[in-house]
Structures are given as structure tokens and as C-alpha cells.
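In the working numbering, the protein residues as written are 38 to 467.
Backbone N, C-alpha and C fix where the C-beta goes; we use that ideal spot for every residue, glycine too.
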């Protein structure tokens, strides 16, 4: 029997479902990023920009080659369609821009590099946005699950109060009105619990949506609030950190650099433009199916320089185009200036909000603890007929409200800290 019982326990342990580890904010963010179609799309766009940059570098720094094959398939001297080896002409042509005063190869590489860096920032911004979305869903589920527990405790308290009121009514120490009010409070607590359970189901479905899991799959979540790591006041040096690292501002700065390069190229193209180009050409390549066959014959080399003088009517069009480019550049610079001012204000305002939220969370923690002790004491007194119905009802309502407010405050604080890190340009997914 002992061996059979041991074997039974062994196979039962194998058959028992393995509970998944509870999600933390960090593990959930990682899961969401791995499953995000939006992020995969942004990653493909980034890869495309990377390939475009490499293509631009090769195109700007190296010669371009063109191989052409041509044949006359029909003319009025020979009206039959023929493809004769001796009629196919082949040529290979190479060209290389050595210098261009308005659009040099170096400038093209710089612009391509800026486009590549901008694409990288766009990808990182998409990652940041997905991480923030994940945190919002995470805390929504965490709050909903916590509120169910609070609603259940409130219902237990209301049921006990209703039971005590009923017993005391039978003994003549409570009125029928108090019994009716107590029953109404109990029914209202049942409704609150039902609402909390419905909210939890909706939050769970939204939670599972981001990780490609069945909508009703149960999930466990746990947090370790970041508020313990906060040292007040928050450093004003964070403003400088945000001005250097904020993703949005960095994107604007890259856009400004690109505008500066494009504007300079546009301005120079409206002035005398000097170009130096090299070229090489070879015909009769002797490829299979073509005439010729020697690579030693007829290669042509050239090195050319050109000077062009663009001008509109008496130079007025050139002048207006230059002024338009200068105005566009100035507008981009002013946009950066506005963004810098707004970012400074946002960082400092976020600091004050976090300080206030931290104090609020600390106060609510104290209130919940004090109110719970008060409610427990009143329940004992009420069961003995000492506390009034109004005292009991008020205390239970305050405990319910303060408990829910504490959950909201804790979640809001952690989300505010995450958004603050976004302002500073930190990668919240790491």
C-alpha cells in the first residue's frame, strides 16, 4: 500500500497544472514587446532605413556601373526577326562624382546618416510607447484585482453589521429602519463586488490582448512600487538630462541638422555650381551572345569639369528661393527653441506632481491603517449595541473609499515615475 500510495502521489504531482509565475511590470513589458506587431513593423522600417543608409554610402562614395545590351530586331533592310550574335552590342559604363559644390558625396552621406539615426529613434520611441501601454494595462489589472479584495472585505463587514442589526432588532435594541438600511448597505456592497469583478474581467482581457493570450486566461500580477527609491526633492539636473536624451527632442534636432544640410545645398545650387566627374566606358565586351571578345580594345576614360550659372529673371527667382530656404531653416530653429522651453517646464512640473503624489500615497497609507483599526473597534462595539448605526456606516464607507484611493494613488505614482523616465529619455523597457 505504501508503494502504491507513493506512486499515486508521484503521478498526481506530474498531472497537476504548473502555475505560471506572477507577472511583474518588467516581465510583462518584455512579453508585450516580444508579441507586439506594432514594434515588429517599426523594426522592419528601421532595417529598411539601415539598408537605405548603406546604399546611400555606397552610391555617394563609389562609382556607379551600367551594363547595357542592345540589338536591332527589325529594320526595313532585313524584315525577319533575328537575334544574331554579331548584331548584339554590349557596353559597360562607369561614372563617379568626384566633387560637387552644391551636393558633395560627403553631404549625401551625412544626410543618409541623419535619416538612419532618425529611424533608430523612431524605433526606440515605438518601443517606449509600447512599454508605456503595457504598464497602463498592467496596473489596470493590478488595481482591479486589489479592488475585488477590498470589495469582499467590505461585504463581509456589511454582512456582519446586518447580522448584528437583525439580532439586536429581535432583542429590541435596534429599530426596523436600521435593519432596512443595513440590508440596503449589504446589497450595495454586493453590487460593488459585482462591479469590481466585471472590471477585473475587462482588465484581464485587455492585459492578455497585448501578449497574444486567450482573453479569459487567468493571470497573476505583483508589483514592487518604485516610490521607496525616491529621494526628495528630485534633482534639477534632470532638466539637463532631459534636454540631452529626450527622444522627441533628439528627433527634432536630427531633423534640424538635416534641414541645415538641405538648406545649404539648396542655397549653393542657386549660385555658380562647380562639378568634377570621372567616367569610363568599354564597348565590344565579348560577352556570350555578343560580338567582340577583347577587353584590351577601345576603353574610354574621361575626367570632366563643369561650371553652371543658374539664374531666373534677373536673379530674382534665385534670390526668392534662397530667402525661402532661410525662412524654413529659421522656422525649424524656432520650433526647437519652443520644444526646449516646453520640455523644461514638463520636467519641473512632473517633479512637483511626483512629490505631491508621494505625499498623498503616504497619507492614504496612514488613513487606511487608522480607518481599519477604527472600523474593527466599531464592529466590536456595534455587536454589543454600543456604537450607533451612523458611526458604523460612516466608518465602513471611509475605509472603502480610502482603500480604493490608496490603490489608485500607488498606481498613479508608479506610472508617473515611468512617464518621468520617458521625459528624461531613459529606456523604461530595460
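Which same chain residues, not among the five before or five after residue i, have their C-beta less than 7 Å away from its C-beta?
i: residue 259; result: 59 and 61
i: residue 243; result: 174 and 177
i: residue 284; result: 158, 161, 162, 165 and 462
i: residue 201; result: 419 and 420
i: residue 75; result: 163 and 167
i: residue 218; result: 426
So, does the CB of residue i fall closer than 8 Å to a CB anywhere in chain B?
i: residue 194; result: Looking for chain B here will not work: only one protein chain is present.
Report yes if the C-beta distance between residue i and residue j is below 8 Å; otherwise report no.
i: residue 339; j: residue 316; result: yes
i: residue 223; j: residue 195; result: yes
i: residue 390; j: residue 453; result: yes
i: residue 384; j: residue 276; result: yes
i: residue 144; j: residue 322; result: no
i: residue 220; j: residue 199; result: yes
i: residue 267; j: residue 401; result: no
i: residue 94; j: residue 248; result: no
i: residue 347; j: residue 307; result: yes
On a Cα-Cα basis, can you pick out the residue from the options that is closest to residue i?
i: residue 174; options: 229, 63 and 78; result: 63
i: residue 77; options: 347, 163 and 147; result: 163
i: residue 288; options: 192, 373 and 80; result: 373
i: residue 238; options: 397, 423 and 177; result: 177
i: residue 407; options: 439, 281, 87 and 386; result: 439
i: residue 279; options: 463, 403 and 82; result: 463
i: residue 286; options: 457, 419, 377 and 310; result: 377
i: residue 314; options: 101, 249, 95 and 66; result: 101
i: residue 382; options: 309, 457 and 425; result: 457
i: residue 273; options: 133, 426 and 386; result: 386
i: residue 363; options: 302, 168, 379 and 337; result: 302
i: residue 230; options: 207, 203, 188 and 218; result: 188
i: residue 281; options: 380, 375, 347 and 193; result: 380
Quick one: residues in its chain with C-beta nearer than 6 Å to the C-beta of residue i, no 5 flanking neighbours on either side, listed in chain order?
i: residue 254; result: 245
i: residue 343; result: 312
i: residue 369; result: 293 and 296
i: residue 233; result: 184, 185 and 188
i: residue 128; result: 105 and 320
What's the gap between the Cα of residue i and the Cα of residue j?
i: residue 251; j: residue 241; result: 10 Å
i: residue 341; j: residue 137; result: 12 Å
i: residue 190; j: residue 436; result: 10 Å
i: residue 131; j: residue 139; result: 22 Å
i: residue 209; j: residue 216; result: 12 Å
i: residue 186; j: residue 442; result: 14 Å
i: residue 257; j: residue 361; result: 59 Å
i: residue 213; j: residue 465; result: 58 Å
i: residue 204; j: residue 410; result: 24 Å
i: residue 168; j: residue 451; result: 13 Å
i: residue 467; j: residue 455; result: 12 Å
i: residue 424; j: residue 430; result: 10 Å
i: residue 236; j: residue 444; result: 15 Å
i: residue 398; j: residue 404; result: 10 Å
i: residue 82; j: residue 358; result: 33 Å
Can you give the beta carbon distance from residue i to residue j, rounded, assuming they're within the 8 Å contact cut?
i: residue 412; j: residue 433; result: 6 Å
i: residue 366; j: residue 300; result: 5 Å
i: residue 160; j: residue 79; result: 5 Å
i: residue 98; j: residue 320; result: With 8 Å as the limit, residue 98 and residue 320 do not qualify as a contact, their Cβ atoms being about 27 Å apart.
i: residue 461; j: residue 291; result: Rounded, the Cβ-Cβ distance is 19 Å, inconsistent with contact.
i: residue 171; j: residue 66; result: 5 Å
i: residue 337; j: residue 310; result: Residue 337 to residue 310, Cβ: 25 Å. No contact.
Can you find the residues in the same chain that come closer than 8 Å, C-beta to C-beta, to residue i, ignoring five residues on each side of it along the sequence?
i: residue 270; result: 388 and 392
i: residue 295; result: 148, 151, 152 and 155
i: residue 197; result: 416 and 420
i: residue 87; result: 153 and 156
Beta carbon of residue i: closer than 7 Å to some heavy atom of the ligand MN?
i: residue 347; result: What this structure holds is no ligand at all, so the ligand MN is not there to describe.
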